[in-house]
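For what it's worth, the numbering used here labels the leading residue of the sequence shown as 419, then goes sequentially. Cβ coordinates follow ideal geometry from the N, Cα and C atoms, glycine included. Take a look at the structure below.
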Amino acid sequence: MGGDIVLIMLAVLIVMILLGIHIGVALSLCSGVGVYIMFRGNTEAALSIMSNTAYEAIRKDVFAVIPLFVLMGDFIWRSGAAGDLYRICDRTLRRLPGRLAIATIAGNTVFAAVTGVSIASAAAFSRIAYPEMMKLGYKQTFALGAVAGSACLGMLIPPSVLLIVWAILTEMSVGALFIAGILPGLMLALLFSAYVIIAAIMNPEIAPAYDKPLVEPTPEENRAELVGGLGILALITIVIGGIWFGWFTPTEAAAFGVLAALVIGVFKGMRTADILESMYQAGRTTAPIMFLLIAAQMYSRLLALGGGVNYIQGMFTDSNLSPFMVMMLMTAIWLVLGMLIDSVSIILLTVPIFAPLAMGLGYDPIAFAIFGILVIEAGLLSPPFGLLVYTVRGSVPDSTATLKKIFIGSFPYFMLILVAAFIVLFFPTIATFLPKAVI
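Next comes the structure, spelled out in structure tokens:
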């Protein structure tokens, strides 16, 4: 009986999402109605369970990680340190083919280590890197693809909001998932860079060689870039190094990271108005995520009460599908959802069902988490939703940069993300080596 109710509510949930109802509202309504039916119309019991679930959902201090990391990234972006980082990467990589695109990838790789959301990376490098590539005659779709594609690194390289949400839903260690994302994130960055180099060598017209004399920065510009570049490296050491060596919990690391980012911002010229705007922006970004987490915990409670996970797992078992085919089915579901809704919502909808199923099939929970994040990351670039594509379109100061061109340019990155995902699936040690060695 409980399993049937869960399936009916899941079907209603999918219909509501397709009708355009906000995912948080849809999750809450379906969860509440499902629990109400299970308790045979006992309104008091249903409301008590839902209210307790909502309270327990966000009372843990680990939830403070989300707004703190978002605020830290906004401080760095608003201070101009991201631009300093890009220029340092550009000069360092001057001898490589397609070096501005590679500098964009390198900049996003480092910037991802101080911000928890890809949107911040996409917005920052759309304004910083894209104009520079167009000045040097880069093909527009190639330049747009480099910006949109490399911004995906922000969802894998710690600190990542997606990793935090995954850890909360599955009751895994946030620190373990952070450490697990390092090697796959670097591998993905290398795959992106290899694509750029090969593409630039095979077709030099898409990324012309920089044959003009390099304009050396003034001493003042050098000092400003040094503050920004070294500041970001110090920030990474505080956050990732602190978690790595056990100096801080993820929550403590986030708090120290915000303080360090604030110091960098002040040195870079941020004033009270900028600091307040960063705080407001962090609130605007975090509030919807927290609401979604509350709704997701209600959804998880419905699944638990109705035995939904066991019911669905039994359906897969009875179907006699091989574990790999089950993974392929999950991948297909994630990619289809990526065309319709955002990444956090995808995790909230699917992970309470998919994670226990994957562990039942013998997959390592850490490796499966990284695999899932990579596949869901690919959804950030898939039409028609493609959140990062829309972010780049709204941030690029060029009216000719259409959505179609961004989707075309980012398609190779979409494919490379899927390649990285299946490398992790077949070689889980890539994801599990560091957590087992450190934690």
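* Asked: Less than 9 Å separating the beta-carbons of Ala787 and Leu595?
  -> Note that the C-beta distance between Ala787 and Leu595 is below 9 Å.
* **Expected contact under 8 Å - CB spacing of Leu721 and Ile771 to nearest Å** => 7 Å
* Would you report the Cα separation of Ile426 and Leu445, rounded to the nearest angstrom? -> 13 Å
* **Cut-off 7 Å between Cβ atoms - residues of its own chain near Met620, not counting five sequence neighbours on either side** => none
* Measuring CB to CB, does Ala530 end up less than 9 Å from Leu580? -> no
* Starting from Thr768, trace the alpha helix (DSSP H) both ways and give me its first and last residue. => Start and end: Ser761 to Gly778.
* State whether the stretch 639-648 contacts the stretch 673-686, with contact taken as three or more CB pairs (one from each stretch) at a distance under 8 Å. => yes
* **Range covered by the alpha helix (DSSP H) that runs through Met551** => Ser536 to Lys553
* Indicate whether Phe493 and Ala679 have their beta-carbon atoms separated by less than 9 Å. => yes
* To do: Have a look at Ala472, Phe487 and Ala524 and flag the residue whose alpha-carbon is nearest the alpha-carbon of Gly501.
  => Ala524
* Asked: Taking C-beta to C-beta, are Ala404 and Ile835 nearer than 9 Å?
  -> Since the first and last residues shown for the chain are 419 and 857, residue 404 lies out of range.
* **Assigned secondary structure, Ala855 (DSSP; H/G/I helix, E/B strand, else coil)** => It is helical.
* **Beta-carbon separation (whole angstroms), Gly567 vs Tyr831, contact threshold 8 Å** => 3 Å
* Asked: What three-state label does DSSP hand Ile575 in the structure shown?
  -> coil
* Compute the distance between the beta-carbons of Leu511 and Arg517, then report whether it is under 9 Å. => yes
* Between Ala585 and Ile537, is the Cβ-Cβ spacing less than 9 Å? -> no
* Residue from Ile484, Ala499, Asn470 and Gly442 with nearest C-alpha to Met697 -> Ile484
* Compute the Euclidean distance between the alpha carbons of Tyr613 and Gln715, then round it to the nearest angstrom. => Going from the Cα of Tyr613 to the Cα of Gln715 covers about 40 Å.
* Asked: Who are the Cβ neighbours of Arg811 in its own chain at under 8 Å, not counting the five residues just before and after it?
  -> Ala819, Thr820, Leu821 and Ile824
* Please indicate yes or no: does the CB of Leu766 lie closer than 8 Å to some heavy atom of the ligand NAP? => Because no ligand of any kind appears in the structure shown, any question about the ligand NAP cannot be addressed here.
* How about Pro577 and Met490: do their beta carbons lie closer than 9 Å? -> yes
* To do: To the nearest angstrom, report how far apart Ala672 and Pro815 are at their CA atoms.
  => 32 Å
* To do: Leaving aside the five residues before and after Ile520 along the sequence, list all residues of the same chain whose C-beta is less than 6 Å from its C-beta, in chain order.
  => Only Leu511, Leu514, Ser611 and Val614 meet the Cβ criterion.
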